[in-house]
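Residue numbers (the numbering used here): 44 to 345. Report on one structure; see the data block that follows.
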Ligand code: RIB
């Protein structure tokens, strides 16, 4: 089982001609509300990929529909609490090139305490995985105590911050980072080469495996001296929101199923490429049959 200690957001998505500039007032030409949050997106992706996932989350009581979406997809929502607090939400601008800018309000995602961490660790069985991102409170407690459970810990330090960079990340078994996050953690420029980024990450966290996602430039896996590279299928992106979450969910579901790392990377990059062809976050995550079809026939038939 994968226990995802993860955020749930209501995403307010605005289609804009360009990302709004400081001091500018800009009219959007489309607006939609949907399920999002890095945690919820990743749980949904695991479930759609056929994996077993329990989502540990907090959502405002009035927004139970968002939990229903997860449940219908096969996510175990026993530990997703409806609470008397506003749900987390995100204001997302998407421009004509599919690039985005995201403003977060953490809301109920910041109501987690050490008590929740204790319950999560108690629920873990040997061989389980715990997954977390940087959109919930109580992360210091999780990283400090995760080793008490006989589970492996995967962490996606997004959105990156000084506070998250100072967490005891060496306690993680697996880190998912994009270029910016890798550079921040490694303490080098974002323009550094992949070789420099991977080497610097290895020097800082020698016992932690890393997946470095590079969008259209593919993804790398590194564990000790072992490296694997997977190019990404070429696609015309409509909206890149949630692509990284789709990658993580599909990667972990295939890992859970016992696939070798190169296959996990291949499936995850294909799923992420499919997700950028559709707008939205959770709503853009492809179903498993679409991913299998794309792997078999190529993305033109997807
Ligand atoms: O990774 C995409 C997600 O980031 C969005 O769904 C938004 O809610 C923010 O958490």
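Glycine residues also receive a C-beta, built at the ideal position from the N, C-alpha and C atoms.
When beta bridges are read from the DSSP output, residue 270 appears opposite 265.
Residue 97 counts as buried, since no fewer than 16 other beta carbons sit within 10 angstroms of its beta carbon.
Rounded to whole angstroms, the gap between the alpha carbons of residue 336 and residue 329 is 11 Å. Within a 10 Å sphere around the beta-carbon of residue 130 sit 16 or more other beta-carbons, which makes this residue buried. Per DSSP, reduced to three states, the secondary structure at residue 294 is helical. Going by DSSP, residue 239 is part of the alpha helix (DSSP H) stretching over 237 to 247. As the crow flies, the alpha-carbon of residue 191 is around 19 Å from that of residue 218.
In the DSSP assignment, the residues bridged to residue 101 are 124. The beta carbon of residue 326 sits closer than 6 Å to the beta carbons of 77 from its chain, once the five residues preceding and following it are set aside; these are given in chain order. Annotation for residue 89: the continuous alpha helix (DSSP H) segment containing it runs 81 to 91.
Taking 3 residues as the minimum length, the beta strand (DSSP E) runs contained wholly in the segment 183 to 239 are 195 to 199, 217 to 221, in order along the chain. DSSP places residue 175 inside the beta strand (DSSP E), whose first and last residues are 172 to 176. Exposed is the label assigned to residue 61, since fewer than 16 other Cβ atoms lie within 10 Å of its Cβ. Here residue 132 carries a strand assignment [DSSP, helix/strand/coil]. Pairing residue 334 with residue 308 gives a Cβ-Cβ distance that is not under 8 Å. Collapsing the DSSP output to three states places residue 73 in a strand.
Placement of the Cβ of residue 145 at a distance of less than 7 Å from at least one heavy atom of the ligand RIB is found. Residue 331 places its beta carbon 8 Å or farther from that of residue 128. Annotated three-state conformation of residue 51 is coil, per DSSP. Under DSSP, the beta-bridge partners assigned to residue 256 are 221, 262. Here the distance from the Cβ of residue 52 to the nearest heavy atom of the ligand RIB is below 7 Å. The secondary-structure analysis by DSSP pairs residue 145 across a beta bridge with 135. Closest in alpha carbon position to residue 94, among 126, 114, 123, 45, is 45. Our two residues, residue 268 and residue 213, have alpha carbons roughly 17 Å apart in a direct line. Spanning the alpha carbons of residue 201 and residue 228 requires a straight line of approximately 11 Å.
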